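Working notes, beginning with the structure itself.
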Amino acid sequence: MASPTWRFWEVTDDAGNLQWLGASRPNARTVLDRATVWTLIPHTRVFIANWFVSEAWAIEDSGLTFENVTSTYSQQIAPDVPQPSTEVIRRITHPERFLTLDQVTSYPAIKLLGKRADRILQERR
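Numbering (my numbering) for the sequence shown: 30 to 154.
Quick look at the structure:
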């Protein structure tokens with residue numbers, strides 16, 4: 030079962046291609062946590078705070094579209110999320126703006142999406 034404290038986002042590019050499965054915490058205590066988007070890294074089965082997706086979420090013409098989706102739908106599309114390249118992962122883990130290095134936090138996919146989705150991601154590897 031997916032966590033009810035998270036809001037999920039299907040993040041697509043201008044062509045409509047799935048780029049990320051994002052998660053945010055709209056009821057978090059800090060403003061920064063409410064403004065942060067964690068994105069799924071399928072190979073590691075982890076959602077990681079993504080500074081450039083968080084930044085894109087805050088501006089209108091970012092080239093990315095954020096559609097709020099249900100937790101059930103997020104569990105269904107998780108296996109379809111593309112694995113980011115090593116360069117993109119390096120970019121996520123070395124924030125240039127928005128987040129500091131110690132704010133690049135992560136959460137296991139099982140905590141956000143539940144056991145079934147996590148198992149499917151594990152089998153995908």
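Backbone N, C-alpha and C define an ideal beta-carbon position, used for all residues, glycine too. Keep in mind the model is a prediction, meaning the values are calculated, not measured.
Exercise for review: With DSSP collapsed to three states, give me the class of ARG145.
Suggested key: helix
Point to revise | Identity of the residue in THR115, GLN151, ARG63 nearest GLU84 by Cα | key: ARG63
Review point. Terminal residues of the continuous beta strand (DSSP E) containing SER103?
Key: Per DSSP, SER103 belongs to no beta strand (DSSP E); it is in the alpha helix (DSSP H), 100-106.
**Study point:** Terminal residues of the beta strand (DSSP E) in which LEU61 lies
**Key:** Not the beta strand (DSSP E): LEU61 falls in the alpha helix (DSSP H), residues 60-64.
Practice item. Note down, in chain order, each residue of its chain lying with its Cβ closer than 7 Å to the Cβ of ASP109, except the 5 sequence neighbours on either side. Key: LEU47
**Study point:** 3 or more residues per run - each beta strand (DSSP E) lying fully within the stretch 68-103
**Key:** 75-78, 93-98
**Study point:** Of the listed residues ASN56, THR73, GLY92, ILE77, nearest to GLY45 (C-alpha basis)
**Key:** GLY92
Practice item. Taking only beta-carbon positions, decide if ASP62 is within less than 8 Å of chain C. Key: Of the protein chains in the structure, only one exists, and it is not chain C.
Review point. With respect to the beta strand (DSSP E) encompassing ARG36, which residues constitute its N-terminal and C-terminal limits?
Key: 36-42
Practice item. Starting from the C-beta of ILE77, find all residues in its chain whose C-beta is less than 7 Å away, skip the five residues before and the five after it, and write them out in chain order. Key: TRP67, THR68, ILE70, ILE121, VAL133, SER135
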